[in-house]
Structures are given as C-alpha cells and as structure tokens.
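*Asks:* Sequences listed follow chains P and A, in order.
All the letters of the first sequence, read from the start, carry residue numbers 1 to 223 under our numbering.
All the letters of the second sequence, read from the start, carry residue numbers 1 to 223 under our numbering.
Ideal placement from N, C-alpha and C gives every residue a C-beta, glycine not left out.
Below is a structure I'd like to ask you about.
Protein chains: 2
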Amino acid sequence: MVASLVGDPARANMLTALMTGRALTATELAHQAGITPQTASSHLAKLDAGGLIEQEKQGRHRYYRLADPDVAGVLEGLAGLAARAGHMRVRTGPKDPALRRARVCYDHLAGDLGVQMLDSMKRQKLIRQHKHDIELTAQGQRFLTKALQIDAETLAHPRRPVCKACLDWSERRHHLAGTLGAALMTRFTELKWAARDATPGSRIVNFSRNGETRFAALFGDAA
Amino acid sequence: MVASLVGDPARANMLTALMTGRALTATELAHQAGITPQTASSHLAKLDAGGLIEQEKQGRHRYYRLADPDVAGVLEGLAGLAARAGHMRVRTGPKDPALRRARVCYDHLAGDLGVQMLDSMKRQKLIRQHKHDIELTAQGQRFLTKALQIDAETLAHPRRPVCKACLDWSERRHHLAGTLGAALMTRFTELKWAARDATPGSRIVNFSRNGETRFAALFGDAA
DNA sequence: ACAATGCTTCGGCTATCATCGAACTATGAA
DNA sequence: TTCATAGTTCGATGATAGCCGAAGCATTGT
Numbered sequence: 001m002v003a004s005l006v007g008d009p010a011r012a013n014m015l016t017a018l019m020t021g022r023a024l025t026a027t028e029l030a031h032q033a034g035i036t037p038q039t040a041s042s043h044l045a046k047l048d049a050g051g052l053i054e055q056e057k058q059g060r061h062r063y064y065r066l067a068d069p070d071v072a073g074v075l076e077g078l079a080g081l082a083a084r085a086g087h088m089r090v091r092t093g094p095k096d097p098a099l100r101r102a103r104v105c106y107d108h109l110a111g112d113l114g115v116q117m118l119d120s121m122k123r124q125k126l127i128r129q130h131k132h133d134i135e136l137t138a139q140g141q142r143f144l145t146k147a148l149q150i151d152a153e154t155l156a157h158p159r160r161p162v163c164k165a166c167l168d169w170s171e172r173r174h175h176l177a178g179t180l181g182a183a184l185m186t187r188f189t190e191l192k193w194a195a196r197d198a199t200p201g202s203r204i205v206n207f208s209r210n211g212e213t214r215f216a217a218l219f220g221d222a223a
Numbered sequence: 001m002v003a004s005l006v007g008d009p010a011r012a013n014m015l016t017a018l019m020t021g022r023a024l025t026a027t028e029l030a031h032q033a034g035i036t037p038q039t040a041s042s043h044l045a046k047l048d049a050g051g052l053i054e055q056e057k058q059g060r061h062r063y064y065r066l067a068d069p070d071v072a073g074v075l076e077g078l079a080g081l082a083a084r085a086g087h088m089r090v091r092t093g094p095k096d097p098a099l100r101r102a103r104v105c106y107d108h109l110a111g112d113l114g115v116q117m118l119d120s121m122k123r124q125k126l127i128r129q130h131k132h133d134i135e136l137t138a139q140g141q142r143f144l145t146k147a148l149q150i151d152a153e154t155l156a157h158p159r160r161p162v163c164k165a166c167l168d169w170s171e172r173r174h175h176l177a178g179t180l181g182a183a184l185m186t187r188f189t190e191l192k193w194a195a196r197d198a199t200p201g202s203r204i205v206n207f208s209r210n211g212e213t214r215f216a217a218l219f220g221d222a223a
C-alpha cells in the first residue's frame with residue numbers, strides 16, 4: 001500500500017525534501033530524515049519499489065527524485081488534509097511571491113516563468129517529449145539561433161544533457177534544466193532582460209520592464 | 001500524520017467501504033474490514049481524530065462517513081498511485097480462499113460469487129442502476145418469479161431497501177444486499193444449493209455440486 | 001595497487017501498534 | 001425492570017517493521 005509508505009515519519013521527511021524537485025543523494029536524504037545511511041537505504045528501496053521515487057546512478061552517487069508530478073500532487077493533497085486537522089506541516093513552497101514568480105534553480109530559470117517557458121517551447125514544438133526525456137527539435141535549433149543567437153552545437157556536454165525536465169518546487173510542474181536551460185538563463189542576463197537579486201544568497205530573479213516584454217514575445221501564453 | 005492512518009490495512013478497508021459516500025455503522029465497518037468491533041472502535045476514533053471521517057449518533061447506532069469530498073479525492077489519488085505501481089494490495093481481505101469465494105455478509109451472499117451475481121443481474125437487465133442506488137426492473141420481477149419462485153411484492157420492508165449495493169470486502173466491488181439479497185440467500189439454502197459452513201461463527205458458504213451448476217446457469221459469466 | 005567514499009546487505013534489538021477477550025456504558029425493546 | 005444490541009474502554013499479547021552496528025560491494029581518486 002502506498003499510504004503506508006508515506007506514513008512512516010522518516011520516509012515522509014525524505015519525500016518532503018524531494019518536493020523541491022531537485023534530485024538528492026541517499027546520504028543527503030538520510031541526513032534530512034535524521035537517520036543513518038543504512039536505514040535510509042532500506043527506506044529508499046521501498047519507496048522505489050512502490051513507484052514513488054526514481055533513482056539515477058551517477059558515479060558513486062545515487063540521486064533520488066520523485067517519480068512523477070502526480071506523486072507530488074498526491075503528497076500535496078495529503079499535506080492539505082493534515083493541515084486541516086491541525087497537525088500543521090508548514091513545509092509548502094516559498095511564501096515570497098517574487099520567489100514563486102522567477103528564481104534560479106542552480107543555474108537555470110525556475111518558478112512560474114520557468115514553467116511557462118517550457119510549456120511554451122513544447123507548444124511551439126521547439127522541444128519534444130519522449131516519456132520522461134525531452135529533446136530539442138530541429139525547429140528548436142533554428143529558433144534559438146535566430147531569436148537568441150544561441151548555437152545548439154555548443155551546448156553538448158559529456159556528463160550533462162542539453163535538455164532536462166526539472167520538477168518545479170513551487171509550481172509542481174516541469175521547467176527546463178540542462179545545458180540549454182543554463183544557456184538561456186545566461187543569455188537573459190547578458191541581454192539585461194533579467195538579473196539575479198542583489199541580496200547575497202537570494203535565488204530571486206528580477207526581470208526588467210523590457211525583458212519581461214521580450215520574454216513574453218518569445219515564451220508568453222499566446223506565443 | 002494522515003498517511004499513516006490510511007496506511008493500515010484495516011483502516012484502509014473501512015475507508016474504501018465509505019468511498020460509496022454512504023454512512024455506515026461501526027459494526028458494519030468492522031465487518032467490512034474483517035476485524036472485531038473493539039478493534040474497529042479504536043481505528044474509528046483515530047480516523048476521527050485525524051479528521052478523515054465524521055460520526056453522527058443516531059439512537060444506539062453511530063454512523064460514520066467520510067469527512068469531506070476532498071478526503072475521497074486524496075484517497076482516490078493514492079489508489080491511482082498504487083494501481084500504477086502494480087503494487088495492488090497484498091495484505092487485504094481474508095486469507096481463506098473459501099471465504100473469498102462465497103460467504104455471508106449479514107444475511108446475503110458475498111465474495112466472488114456474490115459480486116458475480118450482481119454483475120450478471122445488471123447485464124441481464126434484471127437490476128438497473130441510478131447513480132449509487134439500484135432497483136429491480138419489471139423484467140427482474142418476472143425472472144425472480146419464474147426462476148426462483150420469489151414474489152417481489154413480499155420483499156417490501158419499511159426500513160430496508162429491496163436492493164442495495166454493498167461494497168464487497170474481498171472483491172472491492174459491489175454485491176447485492178437488501179431484502180432481495182437476503183431472500184436469494186434464503187432461497188439458495190432452501191433449495192440446498194448452498195449451506196453455511198458447519199463451523200460455529202463461520203461465514204463461509206459452501207455450494208453443492210448441483211447448486212453451483214444451477215447458480216451458474218442463472219448468474220454465470222455466460223448468462 | 002591502495003585508500004577513500006557512497007551505498008547496500010545482514011543480523012539482532014527494540015518499540016510501536018494492531019488485535020482480541022473481558023468488562024463497562026448507553027440506548028431501545030419486551 | 002429485565003433483556004438485547006451497539007459501542008466503548010482496558011489490559012495483555014504478539015507480530016511487524018524501524019533502527020543501528022558491522023561487514024560487504026562498487027566506484028573514484030591518488
């Protein structure tokens with residue numbers, strides 16, 4: 001039963017930690033849950049068997065992430081019920097509206113605008129989706145060159161995919177990561193469409209008046 | 001934590017029984033879950049404290065129902081995740097195969113054969129379904145008279161419906177309850193098609209060789 | 001090759017919690 | 001009143017499952 005998997009406190013803590021959408025290593029998750037790596041390993045195996053999480057081997061690390069946005073949805077539903085009962089669990093997303101709007105996830109754009117961008121790119125068939133993996137189309141390559149002077153050839157990297165769908169923490173939907181996601185963020189900064197907030201350590205991204213307009217022209221709801 | 005409440009098999013069974021939207025008494029729920037009333041009482045108190053169900057006192061009965069449609073939504077979401085994992089419930093229902101096959105639920109037939117019977121009756125248009133309620137059709141009345149010498153007129157009862165869909169414990173699908181369900185079970189016994197197991201307190205129903213054949217002729221998969 | 005790191009498997013300990021028998025309360029019926 | 005039914009509380013029991021120490025792979029780095 002799935003519910004019993006989520007029911008255990010240690011596992012619930014790990015899942016909550018994964019709600020950020022980022023993939024975390026087994027040791028990091030053990031730390032988050034306050035248990036030893038052995039115990040965490042056992043829990044992670046069960047969560048994996050139950051289809052709640054997926055693992056990805058990378059070197060001597062194993063990265064774990066939520067299997068699916070649907071999982072995040074159900075977890076959010078459970079949290080909602082728990083909140084109503086008084087057992088407040090206040091770990092839901094960022095409260096700061098600016099952080100929800102646009103922020104950096106490592107080196108790429110996340111938040112409402114990040115999700116909106118990936119949606120738009122799929123709608124314009126710049127990006128195609130195969131099950132969980134996404135890839136740039138030929139049409140997408142032309143678009144990048146023409147609209148943003150980004151050469152898709154230079155994006156190849158031995159260890160990192162060009163396109164990767166990353167589960168957005170606040171939106172619970174995917175935004176674009178990978179070298180392309182990073183390149184786009186860099187380009188937006190270079191063009192002075194956007195800039196990281198001045199506050200040290202802040203992940204907020206502020207768009208300029210002009211930048212917001214240009215961004216909307218390329219990736220707006222209408223585009 | 002809410003999830004741990006749903007995680008327990010017995011509680012999950014009770015909640016599943018309540019998914020029909022109807023309110024059930026504590027004893028009925030205990031029966032559905034295959035546990036004693038004492039244990040059920042403990043579980044119901046926890047579910048109530050967790051805000052998943054509500055109770056309503058009425059005479060010496062206590063009726064329990066899901067607290068909210070949202071609760072039903074979350075439960076459905078969990079079921080969806082469970083189904084996807086192919087991780088279909090392992091620890092539910094009775095272990096005894098005979099009990100799964102045919103048993104009494106109060107005074108009517110339950111288990112595989114009970115579910116099969118209701119399915120067949122719907123397929124033959126002897127019973128019609130309106131949302132959650134079911135009723136006997138004119139065609140069904142004729143069938144009962146002709147095939148089983150049951151007069152539908154005599155089934156009317158001030159406090160009990162003639163037809164009632166009862167969620168089957170082991171099959172998780174509906175079987176036929178109500179005065180008609182009881183009358184059928186009685187008739188099967190009278191005709192010596194079936195008999196309750198000799199063991200005191202046993203709910204198992206044993207069909208005779210002949211009874212199984214006759215039953216299948218009326219309510220078999222082909223019928 | 002060797003050491004270090006990340007993670008898993010194994011075995012035993014422990015605590016939690018579901019379960020049931022027995023006894024108690026409350027409502028309704030005779 | 002007395003009996004029967006519905007439901008609860010209490011106490012004891014037992015099994016499940018989480019937990020950690022120790023040891024075993026696997027991968028990376030020197």
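At a CB-CB cut-off below 9 Å, which residues of chain P make contact with serine 120/A?
*Replies:* None at all; the shortest Cβ gap to chain P is about 31 Å.
*Asks:* At a Cβ threshold of 7 Å, is glycine 211/A touching chain P?
*Replies:* no
*Asks:* Under a Cβ-count criterion, where at least 16 other Cβ atoms within 10 Å of its own Cβ denotes burial, should glycine 34/P be classed as buried or exposed?
*Replies:* Burial call: exposed.
*Asks:* Under 7 Å between beta-carbons, which chain A residues line up against leucine 78/P? List them in chain order, please.
*Replies:* Val2, Ala3 and Val74
*Asks:* For my contact list, threonine 137/A and leucine 126/A are in at a C-beta cut-off of 8 Å; report their separation, rounded to the angstrom.
*Replies:* 6 Å
*Asks:* Give me, in chain order, the residues of the same chain whose beta-carbon lies closer than 8 Å to that of valine 162/A; leave out the 5 immediate sequence neighbours on both sides.
*Replies:* So the list reads Glu135, Leu136, Ala152, Leu155, Ala156, Gly178, Thr179 and Leu180, once near-sequence residues are dropped.
*Asks:* Would DSSP call glutamine 55/A helix, strand or coil?
*Replies:* strand
*Asks:* Which bits of chain A does aspartate 70/P rub up against, with CB to CB less than 9 Å?
*Replies:* Gly77, Gly80, Leu81 and Arg84
*Asks:* Using 7 Å as the limit for Cβ to Cβ distance, is valine 90/P near chain A?
*Replies:* With a pLDDT of only 35 at valine 90/P, under the threshold of 50, the placement of this residue in the model should not be trusted; the figure read from the coordinates follows. No - not a single Cβ of chain A is within 7 Å of the one on valine 90/P.
*Asks:* Do you know how far the Cα of leucine 75/A is from the Cα of alanine 12/P?
*Replies:* 17 Å
*Asks:* What does DSSP give as the partner residues of lysine 164/P in its beta bridges?
*Replies:* Ala177/P
*Asks:* If we define contact as Cβ-Cβ less than 7 Å, is glycine 50/P a contact residue for chain A?
*Replies:* yes
*Asks:* May I ask you to check if the CB of glutamine 139/A is nearer than 6 Å to at least one heavy atom of the ligand HEM?
*Replies:* Ligands are entirely absent from the displayed structure, and the ligand HEM is therefore not among its contents.
*Asks:* Within this structure, are the beta carbons of leucine 81/A and valine 2/P separated by less than 7 Å?
*Replies:* yes
*Asks:* Give the DSSP-derived three-state secondary structure of threonine 25/P in the structure shown.
*Replies:* strand
*Asks:* Mind pulling the chain A residues with CB within less than 7 Å of valine 6/P?
*Replies:* Ala3
*Asks:* My understanding is that leucine 176/A touches leucine 118/A, with C-beta atoms under 8 Å, so please give their C-beta distance in whole angstroms.
*Replies:* 5 Å
*Asks:* Can you give me the Cβ contacts of serine 120/P inside the same chain, cut-off strictly under 8 Å, excluding the 5 residues immediately before and after it?
*Replies:* Leu218, Phe219, Gly220, Asp221 and Ala223
*Asks:* In terms of alpha-carbon separation, which member of Gln149/P, Ala195/P and Arg84/P lies closest to aspartate 70/A?
*Replies:* Arg84/P
*Asks:* Buried or exposed: where does proline 200/A fall if 16 or more other Cβ atoms within 10 Å of its Cβ makes it buried?
*Replies:* The predicted model places proline 200/A with a pLDDT of 48, which falls under 50 and marks its position as unreliable; any figure quoted below should be read in that light. By the neighbour-count rule (16 or more Cβ atoms within 10 Å), proline 200/A is not buried but exposed.
*Asks:* Among residues of its own chain, excluding the 5 on either side of arginine 214/P, which ones have a beta-carbon nearer than 7 Å to its beta-carbon?
*Replies:* Trp193
*Asks:* Give the straight-line distance between the Cα atoms of proline 37/A and leucine 24/A, rounded to the nearest whole angstrom.
*Replies:* 13 Å
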